[in-house]
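Each residue of the sequence shown is one higher than the one before, starting from 328 at the first, in the working numbering.
To start, the structure under review is shown below, and the notes come after it.
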Amino acid sequence: MLDGVMRRLIDPPLDRMGRALAGRGVTADAVTLTGLAFGLIAAGLIALGWPGLALVPLLASRLADGLDGAVARAGRKTDFGGYLDVISDFLFYGAVPLGFVVMDPANGIAGAFLLLSFYFNGATFLGFAILAERCRMETTARGAKSLYFTGGLLEGTETIAFFVALCLWPGAFAPLAWGFGALCFVTAISRVLLARKVFPNG
């Protein structure tokens, strides 16, 4: 819901940083993998019981996630780069909840529900992107992307804020996970309804 607003705020400084990195020979794929590494380090720190410390690599991971696209725009965009970006995001989004479940197995049921909601939401997102590509649909509402990005109640900005809240208040993981997971289902179902409207004839 907030990604479109955030892109307008963060794209100009990210583009400047992206041009500087590309000028030094840094590739977008290297930035993507660096971001993924930071994200997995954050998940590992959470699993070890240090969610507060995990905030630093978690936020560094999301900075890299925004920066890889800026580097690609300043250098060379590739289909594989877009693919790598998406799968890295999905791995990160799954690793953080897993970290909280490992940290405290009492979080297991709420964590499983949260991951189920991510799985369903991700499936609707990717499925819509595939059909949009087939229909040659384009949008730049959330920046230039390799895939068609549909909006929703919950997007990347809200998910990052949710992860930060979990790190700050790990004892509230279960109610936060149930609530955010429910909103993910709302987002996913609304995307299914949108797909039914946009792609009525298959």
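Cβ atoms here follow ideal geometry from the backbone N, Cα and C, with glycine treated the same way.
Bear in mind the structure is a predicted one, so any value in this text is a computation, not a measurement.
What does a CB cutoff of less than 6 Å around residue i pick up in its chain, not counting 5 residues either side in sequence?
i      : result
Tyr420 : Phe445
Excluding the 5 residues flanking residue i on each side, which residues of the same chain have their C-beta closer than 8 Å to its C-beta?
i      : result
Leu411 : Asp356, Thr359 and Leu360
Leu375 : Met430
Arg346 : Ala397 and Ala401
Lys524 : none
By the three-class DSSP mapping on this structure, what secondary structure does residue i have?
i      : result
Phe427 : helix
Val513 : helix
Cys462 : coil
Pro527 : coil
Arg469 : Interpretation of Arg469 is limited by its pLDDT of 49, a score under 50 that renders its predicted location unreliable; the figure taken from the coordinates is listed afterwards. In this structure, Arg469 counts as coil in the three-state DSSP scheme.
Gly435 : helix
Thr451 : helix
Val383 : helix
Leu443 : helix
Within its chain, find whatever has a CB closer than 7 Å to the CB of residue i; leave out the 5 residues flanking it on each side and keep chain order.
i      : result
Ala515 : Phe447, Asn448 and Thr451
Val428 : Asn434, Gly435 and Gly438
Ala387 : Phe365
Phe417 : Gly449
Ala492 : Leu503
What is the rounded straight-line gap between the Cα of residue i and the Cα of residue j?
i      : j      : result
Pro497 : Thr354 : 35 Å
Ala522 : Ala459 : 9 Å
Cys486 : Ile373 : A small fix is needed here, since residue 486 is Thr in this sequence, not Cys. Their backbone Cα atoms lie some 16 Å apart in a straight line.
Pro432 : Gly352 : 44 Å
Met344 : Leu443 : 36 Å
Asp338 : Pro384 : 21 Å
Gly350 : Arg389 : 22 Å
Thr405 : Met464 : 19 Å
So, residue i versus residue j, is the Cβ gap smaller than 8 Å?
i      : j      : result
Phe490 : Leu441 : no
Gly408 : Leu341 : no
Ala381 : Cys494 : yes
Ala501 : Val423 : no
Gly371 : Gly426 : yes
Using beta carbons (cut-off 8 Å, strictly below), is residue i in contact with chain C?
i      : result
Glu482 : Included in the structure is just one protein chain, with no chain C present.
Handout entry: At least 3 beta-carbon pairs within less than 8 Å: the region 395-406 vs the region 445-458
Key = no
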